[in-house]
């Protein structure tokens with residue numbers, strides 16, 4: 034069993050696995066938004082951007098390996114993937130702390146009305162837009178919110194990325 038895991042979970046396959054993990058988390062967030070009708074707050078959007086970065090960097094690593102037929106940049110890509118996951122962890126941990134009232138979130142996350150200025154692009158947004166508060170938890174499982182699960186998964190993925198980068202040739 035360990036042999037199978039080590040054949041899959043290694044530096045060579047990590048860009049594929051990282052891409053799939055971030056894509057899955059991003060699609061899960063979109064599922065909660067569009068199927069579960071749980072509108073994201075500002076901090077939720079920030080976490081999505083970090084996963085988009087993982088997807089792009091992983092895709093570039095795969096293009097380098099399979100398109101350009103070189104592993105010359107492998108260590109750099111693995112490190113960048115780690116930094117993107119570390120960013121996701123930081124944002125998710127911050128968001129989790131806001132949800133549990135350990136600290137306050139940014140002013141843009143307080144759930145008030147936001148008005149768009151000037152002239153509102155063909156008056157399409159005449160009414161104020163209400164963003165959900167970053168302190169509200171629309172879904173949780175076993176006491177952890179989506180941000181909490183994102184923090185745990187992103188921290189683990191960042192650690193894996195940095196370990197693989199350290200071992201890469």
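Numbering (our numbering), first residue to last: 34 to 202.
No residue lacks a Cβ here, since even glycine has one placed at the ideal position from N, Cα and C.
Between the alpha carbons of residue 65 and residue 175 lies a gap of roughly 17 angstroms. With distances taken between CA atoms, residue 79 lies nearest to 117 out of 172, 117 and 136. Contact between the segment 46 to 55 and the segment 79 to 98 is present: 3 or more CB-CB pairs across the two stretches fall below 8 angstroms. Take the alpha-carbon of residue 128 and the one of residue 113: they are about 22 angstroms apart. Residue 132 is classed as buried because its beta carbon has at least 16 other beta carbons within 10 Å across all chains shown. DSSP places residue 133 outside any alpha helix (DSSP H), giving it a letter other than H or E. Around the C-beta of residue 173, fewer than 16 other C-beta atoms lie within 10 Å, and the residue is accordingly described as exposed. Restricting attention to 120, 91, 188 and 140, the CA atom closest to the CA of residue 109 is found in 91. Taking C-alpha positions only, residue 99 is separated from residue 106 by approximately 12 angstroms. In the structure shown, the three-state DSSP call for residue 141 is helix.
Uninterrupted alpha helix (DSSP H) stretches at least 4 residues long and entirely within the segment 41 to 91 occur at 47 to 67, given in chain order.
Look at residue 187 here: in three-state DSSP terms it is helix. Annotated as proximal: residue 62 and residue 73, with beta-carbon spacing under 8 angstroms.
Here residue 48 has 91, 94, 95, 110 and 114 as same chain residues with Cβ atoms under 7 angstroms from its own Cβ, once five neighbours each way along the sequence are excluded.
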